[in-house]
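Chemist:
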Amino acid sequence: GLLWGLDNHVYFAAGRNPKDLKHRGKSMVSVGSGDLRFDPRNETFEPVTGGLQFGHSIDDWGVRFVCSNSNHIQQVVYPQGYLDRNPYFVSSNAIRSIASDGASGVVYRTSPPEPWRIVRQKWRAAEKGYRLVINDKGGWEFIPLDPSKKAGAVPTEYPVGFFTSATGVTIYRGDAYPEAYRGNAFVGDVGGNLVHRKTLDTDHVVYRADRADEGEEFVTSSDNWFRPVNFVNAPDGTLYILDMYRETIEHPYSIPEEIKKFLHLSSGDDRGRIYRLVSPGMKRRPTVKLGGMSAPELVQQLESANGWNRMTAQRLLWERQDAAAVAPLRSLLASSASPLARLHSLYTLSGLNALTVEDVVKGLQDSHPRVREHAIRLSEAFLRPAGVQKVGSDVSLSLLSTLMSLAEDPSEHVRFQLAFTLGEADATQPKFREAIVTGLAKLAKTPQTPEVRTALMSSTAEVAGTLATQLLADKQFLAASHSPGVLGELMLVLGANPSPTGALEVLGAVAHLDLPLATQQQLLTGLGTGAARRGSSLRALLSGGADRQLAEAVGKLFQRAEEVAEDDEQPLAEREAAVTMLAFADVEQASASLRELLTPQSPQSLQLAAARSLAKLPGDELSRELLAGWRNYGPQVRREVVEGMLGRAGRVALLLDAVAAGDVKRGDLERDSKQRLLTHPDPAIKARALKLFEGETNSDRAKVVAAHQPALKLAADASRGLEVFKKKCAVCHQVGEIGHRVAPDLASVKNKSEADLLIAILDPNREAQPNFNVYSIQTEDGETFSGMI
Numbered sequence: 121g122l123l124w125g126l127d128n129h130v131y132f133a134a135g136r137n138p139k140d141l142k143h144r145g146k147s148m149v150s151v152g153s154g155d156l157r158f159d160p161r162n163e164t165f166e167p168v169t170g171g172l173q174f175g176h177s178i179d180d181w182g183v184r185f186v187c188s189n190s191n192h193i194q195q196v197v198y199p200q201g202y203l204d205r206n207p208y209f210v211s212s213n214a215i216r217s218i219a220s221d222g223a224s225g226v227v228y229r230t231s232p233p234e235p236w237r238i239v240r241q242k243w244r245a246a247e248k249g250y251r252l253v254i255n256d257k258g259g260w261e262f263i264p265l266d267p268s269k270k271a272g273a274v275p276t277e278y279p280v281g282f283f284t285s286a287t288g289v290t291i292y293r294g295d296a297y298p299e300a301y302r303g304n305a306f307v308g309d310v311g312g313n314l315v316h317r318k319t320l321d322t323d324h325v326v327y328r329a330d331r332a333d334e335g336e337e338f339v340t341s342s343d344n345w346f347r348p349v350n351f352v353n354a355p356d357g358t359l360y361i362l363d364m365y366r367e368t369i370e371h372p373y374s375i376p377e378e379i380k381k382f383l384h385l386s387s388g389d390d391r392g393r394i395y396r397l398v399s400p401g402m403k404r405r406p407t408v409k410l411g412g413m414s415a416p417e418l419v420q421q422l423e424s425a426n427g428w429n430r431m432t433a434q435r436l437l438w439e440r441q442d443a444a445a446v447a448p449l450r451s452l453l454a455s456s457a458s459p460l461a462r463l464h465s466l467y468t469l470s471g472l473n474a475l476t477v478e479d480v481v482k483g484l485q486d487s488h489p490r491v492r493e494h495a496i497r498l499s500e501a502f503l504r505p506a507g508v509q510k511v512g513s514d515v516s517l518s519l520l521s522t523l524m525s526l527a528e529d530p531s532e533h534v535r536f537q538l539a540f541t542l543g544e545a546d547a548t549q550p551k552f553r554e555a556i557v558t559g560l561a562k563l564a565k566t567p568q569t570p571e572v573r574t575a576l577m578s579s580t581a582e583v584a585g586t587l588a589t590q591l592l593a594d595k596q597f598l599a600a601s602h603s604p605g606v607l608g609e610l611m612l613v614l615g616a617n618p619s620p621t622g623a624l625e626v627l628g629a630v631a632h633l634d635l636p637l638a639t640q641q642q643l644l645t646g647l648g649t650g651a652a653r654r655g656s657s658l659r660a661l662l663s664g665g666a667d668r669q670l671a672e673a674v675g676k677l678f679q680r681a682e683e684v685a686e687d688d689e690q691p692l693a694e695r696e697a698a699v700t701m702l703a704f705a706d707v708e709q710a711s712a713s714l715r716e717l718l719t720p721q722s723p724q725s726l727q728l729a730a731a732r733s734l735a736k737l738p739g740d741e742l743s744r745e746l747l748a749g750w751r752n753y754g755p756q757v758r759r760e761v762v763e764g765m766l767g768r769a770g771r772v773a774l775l776l777d778a779v780a781a782g783d784v785k786r787g788d789l790e791r792d793s794k795q796r797l798l799t800h801p802d803p804a805i806k807a808r809a810l811k812l813f814e815g816e817t818n819s820d821r822a823k824v825v826a827a828h829q830p831a832l833k834l835a836a837d838a839s840r841g842l843e844v845f846k847k848k849c850a851v852c853h854q855v856g857e858i859g860h861r862v863a864p865d866l867a868s869v870k871n872k873s874e875a876d877l878l879i880a881i882l883d884p885n886r887e888a889q890p891n892f893n894v895y896s897i898q899t900e901d902g903e904t905f906s907g908m909i
């Protein structure tokens, strides 16, 4: 859908597949994996955070929501434009799943199983000697064909009880329903033939979505063809439901081949319905005809309780560009009792190019935190170079001073936006730069959520060194519990920046300030990790720009880390931190200590840390020595050593040499490691791997699935299955508290048959979604990474 935003732009949901957008035959913008924003003034497009599946929505305060099949309500937390400003900072996921009952929460459908599922179930029952009977309550019963038989177990595929096809997430912004419904989220599940409702807790930057209807859904249908794909806030204050109305909604890959040939997959493509959602007895009220209204009358509509009226009035005022609206808008900003009306007045003034610094200051002083939040965002027009030139540097500096007074605002929404906005100010001017650092430091010293910290870090591209030095001199900040997180992120930013100025400034402070050892270790580790992200190192930084005195001081810090790492009397956590820090020391200084820790006598966690640090040190000879101790390593340490070897082409060759020589057994390498070798971007390595592991792979997954069909007849053992899951699957999948939520949520396949699960396990690419594809990336200096984008 296309949605008009508060900022007078049109938002598009672009879906998941990367694409280039063409407009009038010309390539306009690379959408990548996000959504789009269109500026009608100059007909330009830009990518914005998003890129999930079907549907998106914007609430009254401009927050966007998206959804995907088995993740039914997600919030866009970080705008892409802010994150893109700082290429040296790596943020967490910009989109968050916010459902308190889980991404693929339970749903309560009332529709029967799809006919094709019943047919398949009858076949399975017959194979096991049973007849499927559906009782008067819709339940499935299995009657033995042989009367002497007792009831037995038949693999049963009941209607799915979780979100598997969430779509059309929409925030209700009308005024026709009771107050309790205002701001609710509505989501369709087309596979379950239902509409689900959520209430939203908006107190924090990341909302929480709670189930509104316990034990039931807002709308369910007994008609399998009912497919509620989207919703619209209507002019009369109600919600419209768009029903795609199809017999089959599942992706063809989700339907077994033996069933698919009997289905007409496009059945219903000539149908579709639109429902107006009303309560019993509700009378249709006349809609307000906004098109014929004057500018002052449209301004009055910004106070409407109906979101459609407010947004449409704002859009019409923007389209007309009528100066007669400016005075009424200012009056509304000053006197309206409605926070939303005051919000719309600010954005409408901005859309008319009539917004002034005085208007913004009035918004910054507003009693409602969400109005203050947006006034901060709108202030950016007067902080960027063009805005400063327009109103004068003194006016902009005064505005910046007013903004800094909000650094300790009680609202997280306000502090979050302020952290973003400070990064928009003109840091090339000394007075502005000083003010930016002061403001960011005030925010950094305030206990913060991860979201505020991310916003803060996005603003540090040009000022990270100065900010870090200022914070390091503040003992009260260093004693705060959140200081390590702030400083750690700043060090990553500084290390990743190719300009050494800020990093050297901080190194000087680290070397000469009386900082705790743990803080010193954290800072040097952060700088080294950041430098590694751009293919450099702390060693290169010191040799390229540090004076001799500074280099010697840092060398002493590494020497102290060696002593801590080797000292059995030191706490294990401190030894591990010291070992991690040694990854960024000189090879000659660190390698001997790290190798000595790779013995069975050392605690396993220390061995793992040493293996990781050795893998980061350069030199093939070191890699040979690492492989030479293979027989003494336990399984986890071996896994860590292999991971280090797979990172660089030169080391991969040494690993293959060891396999060929028998020093490392083929069976010692896990399947995932072998797969990375077999698909390595270097043709020579790939060819060697194919030869070494010949006979262990089978590219014909259909044959593999067929060969394992007899396993479906074996008795199931859930306890053994859990152990296999922990070893093989938990690295990407999560069940309960076990594992990691990287790959798709397994709740969406909970009710699939054994045959379908066998295919999903042995041939996972058959139905892989694009956002779960694994990519291999080779950097210019030869380092290889594998993962999801």
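In the working numbering, the protein residues as written are 121 to 909. Cβ atoms here follow ideal geometry from the backbone N, Cα and C, with glycine treated the same way. No experiment lies behind these values; they were computed from the predicted model shown.
Which residue wins for smallest C-alpha separation from V315, given the options G357, A831, H192, E377?
Modeler: Against the sequence shown, residue 315 aligns to sequence position 195. Comparing Cα-Cα distances from V315 to each of G357, A831, H192, E377, the minimum goes to H192.
Chemist: Near S603, what residues of its chain come up, given a Cβ to Cβ distance below 7 Å and the 5 sequence neighbours on each side ignored?
Modeler: Taking the first residue of the sequence shown as 1, we reach residue 603 at position 483. F597.
Chemist: Is DSSP giving N752 helix, strand or coil here?
Modeler: As a position in the sequence shown, residue 752 is number 632, starting the count at 1. DSSP places N752 in the helix class (H, G or I) of the three-state scheme.
Chemist: Assuming Q173 is part of the beta strand (DSSP E), what are its boundary residues?
Modeler: If you number the sequence shown from 1, residue 173 lands on position 53. Segment: none, Q173 is in no beta strand (DSSP E) and carries neither H nor E.
Chemist: Regarding L610 and the ligand NAP, is the C-beta to nearest heavy atom distance less than 7 Å?
Modeler: For the ligand NAP, the structure offers nothing, since it holds no ligand at all.
Chemist: Which residues does DSSP pair with A124 in a beta bridge?
Modeler: Translated into the one-based positions of the sequence shown, residue 124 becomes position 4. For the record, residue 124 in the displayed sequence is Trp; it is not Ala. Answer by DSSP bridge pairing, in chain order: V130.
Chemist: Who pairs with P167 in a beta bridge, going by DSSP?
Modeler: Within the sequence shown, numbered from 1, the residue matching residue 167 stands at position 47. Bridge partners of P167: L156.
Chemist: Any idea if S839 is buried or exposed, counting beta-carbon neighbours within 10 angstroms, 16 or more meaning buried?
Modeler: Here residue 839 corresponds to residue number 719 of the sequence shown, with the count starting at 1. S839 should be labelled exposed.
Chemist: Here's a check: name, in chain order, each residue in its chain whose Cβ is nearer than 7 Å to the Cβ of A731, leaving out the five neighbours to either side.
Modeler: For the purposes of this step, residue 731 is taken as the residue at position 611 of the sequence shown. Here the set comprises L718, V757, E760, V761, G764.
Chemist: Can you tell me whether M701 is buried or exposed? The criterion is at least 16 other CB atoms within 10 Å of its CB, across all chains shown.
Modeler: For the purposes of this step, residue 701 is taken as the residue at position 581 of the sequence shown. Counting Cβ neighbours within 10 Å, M701 comes out buried, since at least 16 surround it.
Chemist: Determine the burial state of D179: buried for a count of at least 16 other Cβ atoms within 10 Å of its Cβ, exposed for fewer.
Modeler: For this step, residue 179 is matched to residue 59 along the sequence shown. Buried.
Chemist: What three-state label does DSSP hand Q721 in the structure shown?
Modeler: As a working note, residue 721 is residue 601 in the sequence shown. Three-state result, Q721: coil.
Chemist: Roughly how many whole angstroms lie between the Cα atoms of A773 and E708?
Modeler: Residue 773 sits at position 653 when you count from the first residue of the sequence shown. Residue 708 sits at position 588 when you count from the first residue of the sequence shown. Distance between the alpha carbons of A773 and E708 is about 23 Å.
Chemist: Should Q421 and R435 be called a contact, given that it needs their Cβ atoms to be closer than 8 Å?
Modeler: Translated into the one-based positions of the sequence shown, residue 421 becomes position 301. Translated into the one-based positions of the sequence shown, residue 435 becomes position 315. No, Cβ-Cβ distance for Q421 and R435 is not below 8 Å.
Chemist: Grab the span of the alpha helix (DSSP H) containing R331 for me, first residue to last.
Modeler: Reading the sequence shown from its first residue, position 211 is the one you call residue 331. No alpha helix (DSSP H) holds R331; the beta strand (DSSP E) holding it covers 328 to 331.
Chemist: Just to confirm, are S578 and Y202 a CB contact at a threshold of 8 Å?
Modeler: Taking the sequence shown and counting its residues from 1, the one referred to as residue 578 is at position 458. Taking the sequence shown and counting its residues from 1, the one referred to as residue 202 is at position 82. In contact: S578 and Y202 (Cβ atoms closer than 8 Å).
Chemist: Any contact of the segment 205 to 213 with the segment 521 to 528, i.e. 3+ C-beta pairs under 8 Å?
Modeler: Between the segment 205 to 213 and the segment 521 to 528, the count of Cβ pairs shorter than 8 Å is below three; the stretches do not touch.
Chemist: Cutting at 6 Å between CB atoms, please list the residues of its own chain near S458, excluding the five before and the five after it.
Modeler: Residue mapping note: residue 458 aligns to position 338 of the sequence shown, counting from 1. For S458, where only same-chain residues beyond five positions count, the Cβ hits under 6 Å are E423.
Chemist: List the DSSP bridge partners of Q854.
Modeler: In the sequence shown, counting from the first residue as 1, residue 854 sits at position 734. According to DSSP, Q854 bridges with G859.
Chemist: Under 8 Å, with one C-beta from each stretch per pair, do the segment 680 to 699 and the segment 649 to 665 reach the 3-pair mark?
Modeler: no
Chemist: Measure the Cβ-Cβ separation of L576 and V557 and say whether it is below 8 Å.
Modeler: Here residue 576 refers to the residue found at position 456 of the sequence shown. Here residue 557 refers to the residue found at position 437 of the sequence shown. Their beta carbons are not under 8 Å apart, which means L576 does not touch V557 by this criterion.
Chemist: In this structure, what does DSSP give as the bridge partners for F306?
Modeler: Looking up residue 306 in the sequence shown gives position 186. According to DSSP, which records beta bridges pairwise, F306 is partnered with T290, R317.
Chemist: How many Å lie between G884 and A527 at the Cα?
Modeler: By 1-based counting over the sequence shown, the position of residue 884 is 764. By 1-based counting over the sequence shown, the position of residue 527 is 407. In the sequence as displayed, the identity of residue 884 is Pro instead of Gly. Roughly 49 Å between the two C-alpha positions.
Chemist: Taking the alpha-carbon positions, what's the A296 to Q854 distance?
Modeler: Walking along the sequence shown from the start, residue 296 turns up at place 176. Walking along the sequence shown from the start, residue 854 turns up at place 734. Roughly 41 Å between the two C-alpha positions.
Chemist: Return the chain-ordered list of same chain residues with a C-beta closer than 6 Å to the C-beta of V508, the five sequence neighbours on each side being excluded.
Modeler: Position 388 of the sequence shown, counted from the start, is the residue given in the question as residue 508. Closer than 6 Å at Cβ, skipping near neighbours: S516, D546.
Chemist: Below 8 Å on the Cβ atoms is my contact criterion, and I expect G182 with L126 to pass it. Report the Cβ-Cβ distance as a whole number of Å.
Modeler: Within the sequence shown, residue 182 is the residue found at index 62, counting from 1. Within the sequence shown, residue 126 is the residue found at index 6, counting from 1. Confirmed, about 4 Å.
Chemist: With DSSP collapsed to three states, give me the class of S147.
Modeler: Within the sequence shown, numbered from 1, the residue matching residue 147 stands at position 27. Of the three classes helix, strand and coil, the one that applies to S147 here is strand, per DSSP.
Chemist: Excluding the 5 residues flanking V352 on each side, which residues of the same chain have their C-beta closer than 6 Å to its C-beta?
Modeler: The residue given as residue 352 occupies position 232 in the sequence shown. Here the set comprises Y360.
Chemist: Taking the straight line between their C-alpha atoms, what separation do you get for V583 and M402?
Modeler: Residue 583 sits at position 463 when you count from the first residue of the sequence shown. Residue 402 sits at position 282 when you count from the first residue of the sequence shown. So the alpha carbons of these two residues sit roughly 59 Å apart.
Chemist: If I measure Cβ to Cβ from K833 and keep anything under 8 Å in the same chain, skipping five residues before and after, which residues do I get?
Modeler: If you number the sequence shown from 1, residue 833 lands on position 713. Counting only Cβ-Cβ distances below 8 Å, and skipping sequence neighbours, we find nothing.
Chemist: With DSSP collapsed to three states, give me the class of A273.
Modeler: Your numbering for residue 273 matches position 153 in the sequence shown. With a pLDDT of only 48 at A273, under 50, the local geometry of the prediction cannot be trusted, and no value is derived from it.
Chemist: Contact criterion: CB-CB distance below 8 Å. Does K846 meet it with respect to chain B?
Modeler: Considering every chain present, this structure includes no chain B. It has just one protein chain.
Chemist: Q640: buried (16+ other C-beta within 10 angstroms of its C-beta) or exposed?
Modeler: Taking the sequence shown and counting its residues from 1, the one referred to as residue 640 is at position 520. Under this definition Q640 is a buried residue.
Chemist: Going along the chain, which residues of its own chain have a beta-carbon closer than 7 Å to the beta-carbon of A826, five neighbours each way excluded?
Modeler: Against the sequence shown, residue 826 aligns to sequence position 706. Contacts found: none.
Chemist: Do the segment 438 to 454 and the segment 471 to 488 meet, that is, are 3 or more Cβ pairs less than 8 Å apart?
Modeler: yes
Chemist: Quick check: the Cα distance between P489 and R293, rounded to an integer number of angstroms?
Modeler: Taking the first residue of the sequence shown as position 1, residue 489 is located at position 369. Taking the first residue of the sequence shown as position 1, residue 293 is located at position 173. Roughly 19 Å separates the two Cα atoms.
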